[in-house]
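S.K.: Let me give you the structure first, and then I'll get to my questions.
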Amino acid sequence: MAKGHPRSAVTGRYVTRATAARHPRTTVTEGGRNRSSGTHHRSAISGKYVTEATAARHPRTTVTEKG
Numbered sequence: 004m005a006k007g008h009p010r011s012a013v014t015g016r017y018v019t020r021a022t023a024a025r026h027p028r029t030t031v032t033e034g035g036r037n038r039s040s041g042t043h044h045r046s047a048i049s050g051k052y053v054t055e056a057t058a059a060r061h062p063r064t065t066v067t068e069k070g
């Protein structure tokens with residue numbers, strides 16, 4: 004598992020590493036500080052950044068990060 008703090012894409016709350024391991028499709032592990040500005044959306048499934056439209060279509064598997 005990656006270093007950092009796992010967060011649920013469903014609730015937005017931080018979860019334990021054990022919970023993240025049990026639910027890999029709906030958790031994102033955040034690493035380090037967020038040095039960017041603006042709002043970014045990231046898929047919990049692929050880990051890639053997605054557009055706002057994609058985030059709106061898939062709210063349970065997308066994490067919104069505010070810089």
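Heads up, the sequence shown is in our numbering, so the first residue is 4 and it goes up one at a time. We put the beta carbon where it would ideally sit given N, CA and C, even for glycine. All of these numbers come straight from a predicted model, not from anything done at the bench.
1. Taking just the CA atoms, how far does ARG10 sit from VAL53?
2. Give me whichever residues DSSP pairs with LYS69 in a beta bridge.
3. What is the residue span of the beta strand (DSSP E) that THR64 lies within?
4. Are HIS44 and THR65 closer than 8 Å when you measure CB to CB?
5. DSSP beta-bridge partners for ARG28?
6. Measure the alpha-carbon distance for GLU55 versus ALA23 and round it to whole angstroms.
M.R.: Working from what's here:
1. Here residue 53 corresponds to residue number 50 of the sequence shown, with the count starting at 1. Here residue 10 corresponds to residue number 7 of the sequence shown, with the count starting at 1. Spanning the two alpha carbons is a distance of roughly 17 Å.
2. The residue labelled residue 69 in the question sits at position 66 within the sequence shown. Per DSSP, the beta bridge partners of LYS69 are THR42.
3. Here residue 64 refers to the residue found at position 61 of the sequence shown. Where THR64 is concerned, there is no enclosing beta strand (DSSP E), given that its DSSP letter is neither H nor E.
4. Walking along the sequence shown from the start, residue 44 turns up at place 41. Walking along the sequence shown from the start, residue 65 turns up at place 62. Taking 8 Å as the Cβ cut-off, HIS44 and THR65 qualify as a contacting pair.
5. Position 25 of the sequence shown, counted from the start, is the residue given in the question as residue 28. According to DSSP, which records beta bridges pairwise, ARG28 is partnered with nothing at all.
6. Sequence index remark: in the sequence shown, residue 55 carries index 52 (1-based). Sequence index remark: in the sequence shown, residue 23 carries index 20 (1-based). The alpha-carbon atoms of GLU55 and ALA23 are separated by roughly 24 Å.
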